[in-house]
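Student: Starting off with a structure, shown below.
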Amino acid sequence: MTTFKELGLSEPVLKGLTDLGFENPTEIQEQAIPQLLGGDHDFIGLAQTGTGKTAAFGLPLLERIDTSKNVTQALVLAPTRELGQQIAEQLEKFSRHLDRVNVLAVYGGAAISNQMRALRKAQHVIIATPGRLIDLIKRKAVKLDQLKYLVLDEADEMLNMGFKDELDEILSHTPETKLTWLFSATMPSEIKRIVSKYMDNPIEIRINPKNAVNTNIEHQYVIVKQADKTEAITRFLDMNANMRGLVFCRTKRDTQNLAEELLKHNYKADALHGDLSQMQRDRVMKRFKAHQLQVLIATDVAARGIDVVDLTHVFHFTLPDDNSYYTHRSGRTARAGKKGISIAFINTREKYKIDRIAKQLGIKINNVQIPSIDKIMDIRFENWCQFIMEKETKGKIDPKILEKVHSLFGGLSKEELIDKMVADELEKLNLGAKKDINAKSSDRSDRGEGRRDGRRDNRRDRDGRRDRDGRRDRDSRGDRDSGSRDSRKEGGPRGRKTLGKGESPRFFINLGSRDKVNKQDMMDFICRISGVERSSIGSVDIQKSFSFFEVDAKSEKKITNKFNNITLEDGRELRVNRDN
Numbered sequence: 003m004t005t006f007k008e009l010g011l012s013e014p015v016l017k018g019l020t021d022l023g024f025e026n027p028t029e030i031q032e033q034a035i036p037q038l039l040g041g042d043h044d045f046i047g048l049a050q051t052g053t054g055k056t057a058a059f060g061l062p063l064l065e066r067i068d069t070s071k072n073v074t075q076a077l078v079l080a081p082t083r084e085l086g087q088q089i090a091e092q093l094e095k096f097s098r099h100l101d102r103v104n105v106l107a108v109y110g111g112a113a114i115s116n117q118m119r120a121l122r123k124a125q126h127v128i129i130a131t132p133g134r135l136i137d138l139i140k141r142k143a144v145k146l147d148q149l150k151y152l153v154l155d156e157a158d159e160m161l162n163m164g165f166k167d168e169l170d171e172i173l174s175h176t177p178e179t180k181l182t183w184l185f186s187a188t189m190p191s192e193i194k195r196i197v198s199k200y201m202d203n204p205i206e207i208r209i210n211p212k213n214a215v216n217t218n219i220e221h222q223y224v225i226v227k228q229a230d231k232t233e234a235i236t237r238f239l240d241m242n243a244n245m246r247g248l249v250f251c252r253t254k255r256d257t258q259n260l261a262e263e264l265l266k267h268n269y270k271a272d273a274l275h276g277d278l279s280q281m282q283r284d285r286v287m288k289r290f291k292a293h294q295l296q297v298l299i300a301t302d303v304a305a306r307g308i309d310v311v312d313l314t315h316v317f318h319f320t321l322p323d324d325n326s327y328y329t330h331r332s333g334r335t336a337r338a339g340k341k342g343i344s345i346a347f348i349n350t351r352e353k354y355k356i357d358r359i360a361k362q363l364g365i366k367i368n369n370v371q372i373p374s375i376d377k378i379m380d381i382r383f384e385n386w387c388q389f390i391m392e393k394e395t396k397g398k399i400d401p402k403i404l405e406k407v408h409s410l411f412g413g414l415s416k417e418e419l420i421d422k423m424v425a426d427e428l429e430k431l432n433l434g435a436k437k438d439i440n441a442k443s444s445d446r447s448d449r450g451e452g453r454r455d456g457r458r459d460n461r462r463d464r465d466g467r468r469d470r471d472g473r474r475d476r477d478s479r480g481d482r483d484s485g486s487r488d489s490r491k492e493g494g495p496r497g498r499k500t501l502g503k504g505e506s507p508r509f510f511i512n513l514g515s516r517d518k519v520n521k522q523d524m525m526d527f528i529c530r531i532s533g534v535e536r537s538s539i540g541s542v543d544i545q546k547s548f549s550f551f552e553v554d555a556k557s558e559k560k561i562t563n564k565f566n567n568i569t570l571e572d573g574r575e576l577r578v579n580r581d582n
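Following the working numbering, the residues of the sequence shown are numbered contiguously, the last one being 582.
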């Protein structure tokens, strides 16, 4: 196995890596570092998020900084404040044993006057979000005329967040002689445009997604009904009092609801989502990093840039639509050579998604059981008894207090006192109802999402009509544009009841394909929020930025007013209304 020393890094940098517990490079680090250490060429690194890209560009960047020159020599652009802070923290740790390298992160949500003051001192490396850097350039607070290295980190995400014009403007202020290093998980057309316009014959390294998955992560899944997911989370928390977990939900509303439910039962939890102010967000992260919270609940967008090295567990409360997000989520644990566990909560109908993720990423995802109440009690009471027995007491208790306690408990036998202590501890455990919440693969009670739907999905795959995301297969016969034909098929798997024209209320919803929503997702969402059965849903017509769906007449009242006060991840308010 390759070592960092074999990659050509200097002794001071190697010493810093040893201090941080880094032992062997990841694949992107192994391939990128030698190219970036000595080569004078532009570079493209394609690898999933969470595969060690910060060290891949950060280590050679630090090696190439000339600390005798008090000018800005490197600029790293990052899509979010959190990622920018994370990069700055990592570079400072990597350079601990180097000659002083000045590193500064600038981003929105913080006082620009303080950042302008810091920029008066020469900063060798600046890490910036695009919007804030534009502001600083306009105020002539930052000089990029002697820039030697430009790093675009998570370039595809910057474009997804709408920073295309900002990138063009920033790049226009940098010298043509600089080297550009671009790191991205994907290579969309806009990235290709940047490469063509701003880069000169770059060397490209592409990491196979199967090789990008951290081998120190144990992947698991549990089958559980939607209504029992919160109880399932609490049982995993009860099993391991030292757990440090990150729970991923699909929407802001889900994160807040789950956090409030856990807090109500005295679990140390909080939510991280787009509705929080930067001050609130910073406060939550500070508490989490200080171990004042056991579990943090977040959306994929809100979790960008979170870097906590001692996470033991990642929970997928809902599965992501994109495998790259699964890799990104899971990669939050098992950092710096440590072990970690990734657990996905699925219903019976989602088993094929787990199989697909495992196959495409080349990993094994094991089915595990949600801990039973008996097992939780056994482990927790064993730990509690061990803690009591190992407690040091000599010289720590005031004799007067001891005398008073002895007098109060004097009438109780040893057995009676132990019984009362155990009863008190039981109340603290919040173990709830004593039942098995592991759903069986044959259980159809989760809104009809049993094996019957799975067989229909598989049959549709074999027919070549659709893949399992509900998209039309490009190799199938017929028109590729499935919009009008899908409407006539009335939106569901074969055998679904067709709602007659004129008898089914039609609704508008401001979610569409650009939100990475397919028909199955849309039906799941409608059922979960409104409580209607899947069999009550007729046609589902997905457009780019909005969609239409039909329900039978008896379910119309269940749809009305059930979708109020729901905010989407990008800040939009969800809107559902009758289409007239």
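Built from N, CA and C at the ideal position, the CB exists for glycine as well.
1. In three-state terms, what does DSSP make of V424?
2. What is the rounded straight-line gap between the Cα of L363 and the Cα of D357?
3. Just curious, the beta strand (DSSP E) that L152 is in, first and last residue?
4. Using DSSP's beta-bridge definition, name the partner residues of L77.
5. Give the straight-line distance between the Cα atoms of S541 and D438, rounded to the nearest whole angstrom.
6. In chain order, what are the residue ranges of uninterrupted alpha helix (DSSP H) at least 4 long that sit wholly in the segment 207 to 247?
7. Kindly identify the DSSP beta-bridge partner or partners of T569.
8. Quick check: the segment 331 to 342 against the segment 276 to 294, are there 3 or more CB pairs under 8 Å?
9. Could you say if the segment 313 to 326 and the segment 190 to 198 meet the contact criterion of at least three C-beta pairs nearer than 8 Å?
10. Please identify the residue among T82, Q37, S70 whose C-alpha is closest to the C-alpha of G60.
11. Are L594 and P190 close, meaning C-beta to C-beta below 8 Å?
12. Given a cut-off of 8 Å, decide if T53 and E69 are closer than it, judged by their beta-carbon atoms.
13. Which value, in whole angstroms, describes the spacing of the CA atoms of Q75 and N104?
14. Leaving out five residues before and five after L570 in sequence, what residues of the same chain have Cβ atoms less than 8 Å from its Cβ?
15. Nearest to V215 by CA position, among L121, Y327, F238, G133, is which residue?
16. Under 8 Å between the Cβ atoms of I67 and Y223?
17. Please say whether D554 and S532 have beta carbons closer to each other than 8 Å?
18. Identify every run of the alpha helix (DSSP H) within the segment 298 to 356, keeping only runs that are complete inside it and at least 4 residues long; order them along the chain.
19. Looking at C-alpha atoms only, which residue of P62, L100, A58, Q371 is the closest neighbour of K17?
20. Taking Cβ positions, are T329 and Q50 nearer each other than 8 Å?
21. Can you find the residues in the same chain that come closer than 7 Å, C-beta to C-beta, to R102, ignoring five residues on each side of it along the sequence?
22. Please report how far the alpha carbon of E263 lies from the alpha carbon of A304, in whole angstroms.
23. The beta strand (DSSP E) spanning N369 covers which residue range?
24. So, helix, strand or coil for V553, using DSSP?
25. Inspect the beta-carbon positions of F45 and I225 and report whether they are closer than 8 Å.
26. Secondary structure at V103, three-state DSSP: helix, strand or coil?
27. Determine contact between the segment 107 to 119 and the segment 167 to 185, defined as no fewer than three beta-carbon pairs at a distance below 8 Å.
28. Just the Cα atoms here: how many angstroms apart are P507 and I561?
29. Nearest by alpha-carbon distance to Q87: which of V73, A130, L63 is it?
30. Below 8 Å CB to CB, which residues in the same chain sit around D581 once its five sequence neighbours on both sides are set aside?
31. The alpha helix (DSSP H) with R122 in it runs from where to where?
32. Going by C-alpha to C-alpha distance, which of E65, T188, E558 sits closest to C529?
Tutor: The answer reads as follows:
1. helix
2. 10 Å
3. 151 to 154
4. I128, L152
5. Cα-Cα distance, rounded: 36 Å.
6. Here the runs fully enclosed are 211 to 214, 231 to 241.
7. According to DSSP, which records beta bridges pairwise, T569 is partnered with E575.
8. no
9. no
10. Q37
11. In the structure displayed, the chain extends from 3 to 582; residue 594 sits before or after that span and is not available.
12. Note on residue identity: the sequence assigns Thr, not Glu, to residue 69. Taking 8 Å as the Cβ cut-off, T69 and T53 do not qualify as a contacting pair.
13. Rounded to the nearest angstrom, the two C-alpha atoms are 10 Å apart.
14. T253, K254, L513, D517, L576
15. Y327
16. no
17. no
18. Scanning the segment 298 to 356 for uninterrupted alpha helix (DSSP H) segments of 4 residues or longer gives 325 to 332, listed from N- to C-terminal end.
19. L100
20. With respect to Q50, T329 sits close: the two C-beta atoms are nearer than 8 Å.
21. Excluding positions up to five away in sequence, the list reads T69.
22. 20 Å
23. 367 to 369
24. strand
25. no
26. DSSP places V103 in coil when its eight states are reduced to three.
27. no
28. 10 Å
29. A130
30. R508, F509, F510, F550
31. Segment: none, R122 is in no alpha helix (DSSP H) and carries neither H nor E.
32. Among E65, T188, E558, the Cα nearest to that of C529 belongs to E558.
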